[in-house]
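Enquirer: Residue numbers (my numbering): 89 to 176.
Just so you know, even glycine gets a beta-carbon here, dropped at the ideal spot from N, CA and C.
In this text, all values refer to a predicted model and were calculated from it rather than measured experimentally.
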Ligand SMILES: [Zn+2]
Ligand SMILES: [Zn+2]
């Protein structure tokens, strides 16, 4: 793993990530957003993936397999974690 990020940047990324995930889970709870099927294979059990935490409502829904696969392609430090798995 090649992580050049300093601690402050790392912490800030974590904060933005949490904010983005919270926004999505709120919208889902309010029924303003729905969890979609995997955009690759159509499996209904999905996790939300953010390309950009500054755009919290731009979520891609991916099953666990394809989410893992995507993160293998993306740089290791772009992990968005799977904090919204298991909601509703
Ligand atoms: Zn899939
Ligand atoms: Zn992701």
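So, do the stretch 152 to 160 and the stretch 115 to 125 have three or more beta carbon pairs nearer to each other than 8 angstroms?
Expert: They do not touch, by the three-pair rule.
Enquirer: Inspect the beta-carbon positions of residue 128 and residue 150 and report whether they are closer than 8 angstroms.
Expert: For this step, residue 128 is matched to residue 40 along the chain shown. For this step, residue 150 is matched to residue 62 along the chain shown. Closer than 8 angstroms, so yes.
Enquirer: Helix, strand or coil for residue 175, going by three-state DSSP, please let me know.
Expert: In the chain shown, the residue the question calls residue 175 occupies position 87. Confidence is the limiting factor: at residue 175 the pLDDT is only 44, short of 50, which leaves the residue's position unreliable, though a coordinate-based value still follows. Coil at residue 175, not helix or strand.
Enquirer: Under the rule that 16 or more other beta-carbon atoms within 10 Å means buried, what is residue 96, buried or exposed?
Expert: Along the chain shown, read from residue 1 onward, the residue named residue 96 stands at position 8. Under this definition residue 96 is an exposed residue.
Enquirer: Tell me whether residue 122 counts as near ligand 1, meaning its Cβ is closer than 7 angstroms to at least one heavy atom of that ligand.
Expert: As a working note, residue 122 is residue 34 in the chain shown. No, ligand 1 has no heavy atom inside 7 angstroms of this Cβ.
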